[in-house]
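Remarks on the structure that follows.
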Amino acid sequence: MKDELAKRYEPTEFEQRIYAFWEKGGYFTPVADRERPKFSIVIPPPNVTGRLHIGHALVNTLQDIIVRWKRMSGFNTLWLPGTDHAGIATQLVVERQLEKEGISRFDLGREKFVERVWQWKEQHSTEIKDQLTRLGASADWSRERFTLDEGLSRAVRYVFVKLYDDGLIYRDLAMVNWCPRCRTAISDVEVEFREKNGKLYHIDYPVEGTDRKLTVATTRPETMLGDTGVAVHPDDERYRNLIGKNAMLPIANRPIPIVADSILVDREFGTGVVKVTPSHDRNDYEAGLRNNLPQMQVIGEDGRMTDAAGAGFSGLDRKEARARVVEMLQELGAIVKVEEHVHNVGIHGKCETDIEPMISRQWFVKIEPLAKPAIDAVRNGDVTITPQSWEATYFNWMENIHDWTISRQLWWGHRIPAFHCPNGHTTVSVDDLTTCPECSASVTQETDVLDTWFSSGLWPFSTMGWTGPESEKSATDYQIFYPTDTLITGFDILFFWVARMIMFGLRFTGQAPFRQVFLNGLVRDEQGRKMSKTIGNVIDPLDVVSEVGADALRFTLAVTASGRDIPLGKSRIQGYSAFVNKIWNASRFAMMHIDEELRDAEPIDRENLKTVERWILSRLNAVTREVNKQLSVFRFDEAASALYQFFWHEFCDWYIEMAKPVLLGRHGSEEDRHLAKRVLLEVLDRSLRLLHPFMPFVTEEIWLKLGGVEPSVMVAPYPIPEDVLEDPDAERLTAAVKAIITTVRNVRAERGFTPKDRFTLYIRGNSERESNFFREYAYLLIELARLDEVSVEGEPPAGTHHDVVEGFHIAIRFPEKQVSQEQLDRVKREIEKTQNELASIESKLANEQFTKNAPPNIVDGARTREAELRARLEKLQQNQ
RNA sequence: GCGGGGUUAGCUCAGCGGUAGAGCAUCUCGCUUACACCGAGGGGGUCGGGGGUUCGAAUCCCUCACCCCGCACCA
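One rule links them: number in this note's numbering = place in the first sequence (from 1) + 679.
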């Protein structure tokens, strides 16, 4: 032992010091060795925009647990960190900043604006690292990447050009999701649906040349200004004769054709008549194409009405225009009725603005040829997804996938490497062009940038030096660490990110970018609600770290992370911080008894181990097996619980208490004490290593004070189970000792005795060996059960309490005392319980179907149980 | 509408074919020189309803109810 542990556990005292120690030791950086088995993982790059929330804490804790576990298990381990430029999100942040200064990005101009964003990025780029550092993330910061780095940008351009050349990227006029606030197109997955209360307006459109009117229903009356048709179902008797005639569009006073369309119109819904606005509705767009209806854009890119909307509307905001249209229709008497209507409104998730479907010229990825192999990779097991239920979601989405809109009318991001000349030629090129290869005219680069997820999709290999096929021979990291092994991320980006990485990885590297994916759940509050600023139930991970330390937070996250959503509350974290405290204090106790020379002592002399020592080593071995097994299947909760259970309730509550008489010199020889200390050290040492991935700081702090062979616990070998340590006999006997002690304590409380009252315990082994065992451990029974005597051979006198525990008949004699009714009832209840169980097991055994069909071990178990119950019942009845 | 998940102790959840479990909360006793962020002990569940398969079902199948989450639809 080098040094003493501080009396109190104060994580803030040492966490940052420990992290600095690791960094200085270079333990985060793997070696450039192709021979050693490697383990690699890339971080889901957080947005540069800032503060880590509890979800980040979770996903990075889980990664770190796996990474530390693998590193300690001997793998040449790389955890590659970095950040994402997060196109829209980051641009938004800076735009909001500008707003405060009273200007817009358009006032500043593209170049100046992008400069501003870079400035902002530089100011904040260290924040993410600092925050991950405080959580204890053992990422290799020397390899930190940013999606706009030169190498990564090069990869983006290569991929774009290649896909274009392969005919998988095209530019076309199509109906896209347009965000009028951000003034850009976004992809389908970026549209979120919110249920909103709206109104359904029923409007009369007069039919030309008749006195009939067609009533259409719409939730967006302002779009009627752009109607170019009215559709009915071809088989609908009510309107059949009107097909081919014109309806007169109110307000605009434009005749528009009545067409038949069986796809658009559901006869059962509403009036069975649909207004068609090809320019501002996805379905209407398709219907317009089918029926040759013209497109008429009445809403512009900024969400305001265009000139085409007509005088009185041009320049009005969408919402204003709606009110105006309704007002005018009311004046005309064209509104038949207005209904309350709950419907899903598509909004842009990043800024909450209502999406405007809009026809626009954009760049797209033809996705099906990419999706097919990505589906196969999961189907044939090259990539596994945990929890497995997500695979269904993955297939469902991938099999119904639509082309991916990749162009964004933003300024912050990878500018599309396409070059246009005045003669209408467009050339894509990895390197910048100045003149058109076709006509030599000077060219200008496409102004659109790429969807952020286009570059994130390349993350597992673009971060490793991959910039195209030639780089595969020269990029060392790519050669050693690609493909990665595991991906740990939130399920919310399964489509955005995971699916696209698989598609790109397969297409460009010929391999899936990872073998296993673990999708973690959402962190919720204790009542299972989402954390939100409005509810005020947000837990800031950095606050928690300041209050109780990173280890308590990490352990709490791990112990609740089964793959489902995670209910997290402060009280819960508080609870697990008690566990960290427990580890601290148990270590403190152990270190009081561990001498310097023990550290380098020869291996434990197994021959001379006492039963309880063999027991604790056997239990330790079992938990070692369990933790390794559960981590390999991402059951962080099971692994953490097993450690919790073992360390607290087996090691602290029982083993340490059992070892105290020897350690403190109240019992046993000097050699016994030496061996006890040796075992204590062994268990603590292994426990710290087992716990390290979950709580790296506290384990390291203790480990360093303990003084190990390795310079740091994070590079000490992770324990693996050893069969020689398994000891069912010791487990059985120790379980009996524990149960007997518990029973005595029980009886003491039940009969109203105090801890000061001393009893005599009579016990008999079922063999001479067992009797000897109880003789050997009589001192323990006396100490822990507070007895004055243990009699192994003596015959219990009358008037003692009888019981059968773990197959051993015991009798407890205690001083005369008035027995209360309550205590008598208790005895009665116990007898009844035993009788009931006995009855049920007897009837079971009497059933021939059971003895015939059930597996032998189950039947045997039942027989043993029956015998036990019978013996116990007999003894209990003596207590009445 | 399609797909996935859920309904087990007051709360949060695990168990997913063979005697109902954990953590927290609660109650009782105890400041015993590692720890009161502690120790010892107790109480508390007809495993959402109904039906079926089985010697045996919280666990498998069917069905109903309610809740959550995707996707699609939403005139």
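Yeah, the Cβ is synthetic: ideal placement off N, Cα and C, and Gly gets one too.
Note that this is a predicted model, so its numbers are computed, not measured.
According to DSSP, is residue i helix, strand or coil?
i       : result
Asp626  : Since the first residue of the chain shown is 680 and the last is 1559, residue 626 is not available in this structure.
His634  : Any answer about residue 634 is impossible in this case: the structure gives the chain only from 680 up to 1559.
Met680  : A caution first: Met680 carries a pLDDT of 43, below 50, which makes its placement in the model too unreliable to give a value.
Arg1437 : coil
Ser1470 : strand
His1099 : strand
Val1362 : helix
Gln974  : coil
His1022 : strand
Glu714  : coil
Trp1090 : coil
Ala1395 : coil
Asn1216 : coil
Met1210 : coil
Ile782  : coil
Glu871  : strand
Could you give the distance in angstroms between the alpha-carbon of residue i and the alpha-carbon of residue j?
i       : j       : result
Ala853  : Ile1038 : 5 Å
Leu1359 : Ser1297 : 13 Å
Leu1342 : Leu1460 : 16 Å
His959  : Ala1097 : 28 Å
Arg1186 : Glu806  : 34 Å
Ala1355 : Leu1412 : 18 Å
Tyr1323 : Phe1258 : 8 Å
Glu774  : Lys686  : 51 Å
Ala1265 : Val1224 : 22 Å
Ala834  : Glu780  : 37 Å
Ser1108 : Glu1149 : 16 Å
Tyr1458 : Val1469 : 8 Å
Arg905  : Phe839  : Strictly speaking, residue 905 in this sequence is Gly, with Arg absent from that position. Whole-angstrom Cα-Cα distance: 36 Å.
Gln1009 : Ala1002 : 11 Å
Met680  : Trp1382 : Only weak support exists for where Met680 lies, its pLDDT of 43 falling under 50; the value from the coordinates is given anyway. Taking the straight line from one Cα to the other gives about 10 Å.
Leu1555 : His1488 : 11 Å
Gln1206 : Ile1442 : 50 Å
Ile978  : Arg997  : 7 Å
Arg715  : Arg1465 : 56 Å
Thr1303 : Val1394 : 17 Å
Glu746  : Arg899  : Note that residue 746 corresponds to Val in the displayed sequence, not to Glu. Going from the Cα of Val746 to the Cα of Arg899 covers about 52 Å.
Cβ-heavy atom distance between residue i and the ligand GTP below 7 Å?
i       : result
Asp1482 : Looking for the ligand GTP in the displayed structure turns up nothing, as the structure carries no ligands at all.
If residue i and residue j are in contact, beta carbons under 8 Å, what's the gap, nearest whole angstrom?
i       : j       : result
Ser1086 : Trp1132 : At roughly 13 Å, the Cβ-Cβ gap does not stay under 8 Å, so Ser1086 and Trp1132 are not in contact.
Leu879  : Ala926  : Rounded, the Cβ-Cβ distance is 19 Å, inconsistent with contact.
His1104 : Glu1117 : 5 Å
Ile935  : Gly908  : 5 Å
Phe1170 : Val868  : 13 Å between Cβ atoms; not a contact.
Arg1208 : Phe1373 : Arg1208 to Phe1373, Cβ: 27 Å. No contact.
How is the beta strand (DSSP E) around residue i delimited, first residue to last?
i       : result
Phe1043 : Glu1035 to Val1044
Gly1169 : Thr1165 to Gly1169
Met854  : Ile848 to Cys858
Trp1333 : Run containing Trp1333: none; DSSP gives neither H nor E here.
Met927  : Asn925 to Leu928
So residue i is in the alpha helix (DSSP H); what residue range does that whole segment cover?
i       : result
Met1270 : Lys1249 to His1272
Tyr1157 : Thr1155 to Phe1160
Gln798  : Arg789 to Leu814
Met1143 : Looking at the DSSP string, Met1143 is not in any alpha helix (DSSP H), and its letter there is neither H nor E.
Val1005 : Arg997 to Leu1011
Apply the 10 Å Cβ neighbour rule to residue i and answer buried if 16 or more other Cβ atoms are within range, or exposed otherwise.
i       : result
Ser1311 : exposed
His1558 : Going by the sequence as given, residue 1558 is Asn instead of His. Classification of Asn1558: buried, given that the 10 Å Cβ count is 16 or more.
Val1271 : The amino acid occupying residue 1271 in the given sequence is Met; Val does not appear at that position. Met1271 should be labelled exposed.
Ser1446 : exposed
Val1403 : exposed
Ile782  : exposed
Thr1155 : exposed
Gln802  : exposed
Ser1522 : exposed
His1081 : exposed
Ile697  : buried
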